Amino acid sequence: MSDDSNKRNRKKLLRTLFLLLSSLLIVTASASVYNLMYMQAMPISAYGAKVVFYNGADASEAGTSVGTNGTYVKFTSMSGWPNATRVYENATVIKNLDAKSFTCQLSVSSFTGAYIDELYVRLFDNANVYHSTVQVHGTSNSTTFTIGAGEVWRVEWRIKWNANTPAGSTATATLELKVIGEGTGE
Amino acid sequence: MKTKYWNSLLLSILLFVTLSVSVHGNIYNIYYGQASPIMAETPKVILQQGTAGISTIYMNNTSAKVSVSAPVGVAYGHAFKSSNVRVSTTSGSPVDDPEAVLSVTLATDSSIFIIYNAGNRRGSTEDYRGKGCAINVNGVDVAFSWQSPFSSNCANSVTVVYATNLTAGSHVIKGRFFANSAGATVGIDTRQIAAFWFPNVAAYYVRSTTASTTTSGTPVDDPHAILTFTLSSDSVAFIIYNAGNRHGSKEPAKGKGVTINVDGTDIATRQWQSPYGRNYANSVTIVYVCSLGAGSHTVRGRFFSNEAGSTTTIDERQLMVFNFPASLITYGFVQSTTSVSTTSGTPVDDAQADLNVTLARDSDVLMMYIGGNPHGATEDYDGKGIQLQIDGADKSNSASWQSPYGGNYADSATSLWYEQLTAGSHTIKGRFFANYAGYTVTISHRQLVALVFSKPPIYNYVLRIVNQVTDAWKIRLRAYDQSNIERLSNCTIYFYDGGGVSRQIYILNGAYSQQFGNLYDLNSLSTVYIAMTISATANGTSLVYAYLEVLVPGTSTYNLMVITFEIL
């Protein structure tokens, strides 16, 4: 083997070694290094709602239907006459079954319909004193209230169709009741 | 170094805030309530035009406006009863005249005057010492008067007057009577009792039981019958002075006379009466109506002895002055000093006691006629009777009779009447007659007054409420807003269905007395009417905004239909 041949081999060896070192560096830089941690919810329990809907005194007129567990209420037979205000003074009630009070927020979730002049949901407290109004069809579409332990609040619906409303017109309104703090301490 | 410190502090704050934000959380449940569908229905109950006033029905027949006019008038209430059923007693203390009981209900606090006039005709059993009469209010005897006749079983009548303020609510007013000599029989053949009340007139009155005497043969002040007051506006004053002595007090056989003094001037007429004998019961009544301008005034009762130098006594007197705003009342009044005589035993006209009144509207009219003669005028000892006549019809139950001490002695009588008269012209006359036909009796002075209180017009009906379905409803009116109702002396809005009536909204004397009514049945496919009565104290425009509540029976679900009442 000539000196030139040895020299060439050494050069190849050095190049290969450089390539190997570079590869090693690349491999080291692209590897994922991490620690594993665990989050566990156990048990996730089901408990009875502490603030619930109940039928009001006008449930039959309003077609009030309270869902299982009292966390949903639907009114299926509300109506009104054009240019007159229909009032369901006691369409449903909100009861606090717990021994502590809760802050609640009643707000409009959705509304569809034309010809409605007024669509108000009004809250009356445990002493049947007016508290506040949610304008389903208006600008004041949310209200916050605190329902005390064991209290019952009355929910009134007021509907006024415009004078030009064709008979048979319909509207739909969905409200959201957020009961804040319910579930803590369970 | 300093920069490094501030950087460290800033980083610490940033870290703290970041941590705080990181740990913020909220736990809540979300429930849903959904109304679907909310339907627009064809109205099941609608409004339709009435026949009175002007009514405008808006689109869909679910709202309306009613426009009516309110004439100006005085707010008032009244009760009246007359009877010719004879009653008698031997009691020396007041007993009820069962034919003279008024049960009244005042909507608001009011000034009230009460007049009770009761007497027996010639020939009825009557003790010569005569009788006393009293007015009783809610169980309390509040005013008295006494009179004695010429002799036993002769004509003898008594008038009592009382004024006071009564609170809103129910009250019982009675006329009562008694024998001036306990154990002796006295009686009443006819009587009239009238009560008129006003929530907003300037009323002044005094009743005193402090004795006053005089020997003067000309009028002197009764020191316990003086009223001084200030009027805020021009008024019509209705004045009654009634004064008398009980049995046993000093009184000449010729009796006493009375008159009224207004602002220092005696009125043109007087009245007189004589008793059975010296120191027997003897009373006199006089009435007067005049205009009084705004400002201060003094009204006095005055009395005198019919026998100058002999003492006459007043044991009790009542003086009242009710001032009605001049622009709000109609009245007729005549007084005269022209003598008229008759021997007729049946009523003949007192030609000097003749009033013609023209009523713009149906009205409640109170009439009072007093006719008498002084000592010395021709008067049969059986005395005279007087009564009222309206449009040619004698009001026999208004009759009153009196006899004097003897022939040609002082003798007067009082007749009282109330009647509802229709709009138009009416003639009211005082009439008189001899208690013993063929013997002359005289009226020398008389006062005849007719106070006219226009009845609030009735708008019957302004709207119809029509139930178009077989469902039954409960309905009521509820006033929710208003403007300029202060001028309304009376505004009553009520339902009726041809049978029952239900007052729904009531404004009295400028304020709500009732803002909503009781629930009223609107039966299947039926109609209920809305009617109104209104009067005002001034011109203007008033608005009452009301909801017609149409309720589903047994629930708190209802419809609100807006009705605007415009009162011009």
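In order, the protein sequence lines correspond to chains B and P.
Throughout the first sequence, residue numbering follows the working numbering, covering 1 to 186 in sequence.
Throughout the second sequence, residue numbering follows the working numbering, covering 1001 to 1568 in sequence.
Just so it is clear, CB atoms sit at the ideal spot from N, CA and C, and this is done for glycine as well.
The structure presented is a predicted model; accordingly, all values stated were derived computationally and were not measured.
- Bridge partners of P82 of chain B according to DSSP: B:W161.
- Under the DSSP assignment, A62 of chain B falls in the alpha helix (DSSP H) whose first and last residues are A59 to A62.
- Under the three-state reduction of DSSP, I1054 of chain P is assigned to strand.
- Scanning its chain for C-beta atoms nearer than 6 Å, with the 5 sequence neighbours on each side dropped, one finds around A171 of chain B the residues G113 and I116, in chain order.
- Burial state of P1252 of chain P is buried, judged by a 10 Å Cβ sphere holding 16 or more other Cβ atoms.
- In its chain, beyond the 5 residues on either side, T1090 have a beta carbon closer than 6 Å to the beta carbon of G1183 of chain P.
- A direct Cα-to-Cα measurement between P1071 of chain P and T76 of chain B gives close to 51 Å.
- W161 of chain B belongs to the set of residues whose beta carbon lies under 7 Å from a beta carbon in chain P.
- Contact between N1460 of chain P and S1489 of chain P does not hold, since their C-beta atoms are separated by about 19 Å, which reaches or exceeds 8 Å.
- In the three-state reduction of the DSSP assignment, I1114 of chain P falls in the strand class, which pools E and B.
- DSSP, reduced to helix, strand and coil, places M42 of chain B outside both helices and strands of the structure shown, so it counts as coil.
- For a Cβ distance threshold of 7 Å, residue set Y1058, M1059, N1060, T1062 and S1063 of chain P lies close to N83 of chain B, ordered along the chain.
- As the crow flies, the alpha-carbon of V1095 of chain P is around 19 Å from that of E1316 of chain P.
- Using a CB distance cut-off of 7 Å, L1560 of chain P counts as an interface residue toward chain B.
- Listed in chain order, the non-local C-beta contacts of T1214 of chain P below 8 Å within the same chain comprise V1220, F1303, F1304, S1305, T1311 and T1312, local neighbours out to five positions each way being set aside.
- Chain-ordered, the chain P residues with CB closer than 8 Å to the CB of D58 of chain B read T1555, S1556 and T1557.
- For R86 of chain B, the nearest CB of chain P lies under 7 Å from its own CB, placing it at the interface with that chain.
- Interface with chain B (7 Å Cβ-Cβ cutoff): G1033 of chain P is included.
- Against chain P, the CB of L97 of chain B has no partner CB under 7 Å away; the residue lies outside that interface.
- P1199 of chain P has its alpha-carbon roughly 39 Å from the corresponding atom of H131 of chain B.
- In its chain, beyond the 5 residues on either side, A163 have a beta carbon closer than 6 Å to the beta carbon of N83 of chain B.
- Within its own chain, the residues whose Cβ lies closer than 7 Å to the Cβ of T64 of chain B, once the five positions on either side in sequence are excluded, are N55, G56, V73, F75, A91 and T92, listed in chain order.
- When the beta-carbon positions are compared, L1319 of chain P and L1231 of chain P stay at least 7 Å from each other.
- Under the three-state reduction of DSSP output, M37 of chain B falls in the coil class, being neither helix nor strand.
- Pairing V1466 of chain P with S1556 of chain P, the inter-Cα distance amounts to about 21 Å.
- For T68 of chain B, the secondary structure class from DSSP, reduced to helix, strand or coil, is helix.
- Note on the region 1323 to 1397 of chain P: there is no whole alpha helix (DSSP H) run with a minimum of 4 residues.
- By the 16-neighbour rule on beta-carbons within 10 angstroms, A1511 of chain P is exposed.
- Setting aside the 5 residues that flank it on each side, Q1420 of chain P is surrounded in the same chain by D1364, each with a C-beta closer than 6 Å to its C-beta; the list follows chain order.
- Within the DSSP secondary-structure output, E1419 of chain P pairs in a beta bridge with P:V1365.
- Assigned with DSSP and collapsed to three states, K1065 of chain P falls in strand.
- With contacts defined by Cβ atoms closer than 7 Å, I1173 of chain P and I1114 of chain P form a contacting pair.
- The beta carbon of S79 of chain B lies closer than 7 Å to those of R86 in the same chain, with the five residues before and after it left out.
- At a beta-carbon threshold of 7 Å, the residues of chain B lying near N1026 of chain P are I180, ordered along the chain.
- At a cut-off of 7 Å between beta-carbon atoms, V1552 of chain P makes contact with chain B.
- In terms of beta-carbon proximity, N1136 of chain P stays away from the interface with chain B, with every pair separated by 7 Å or more.
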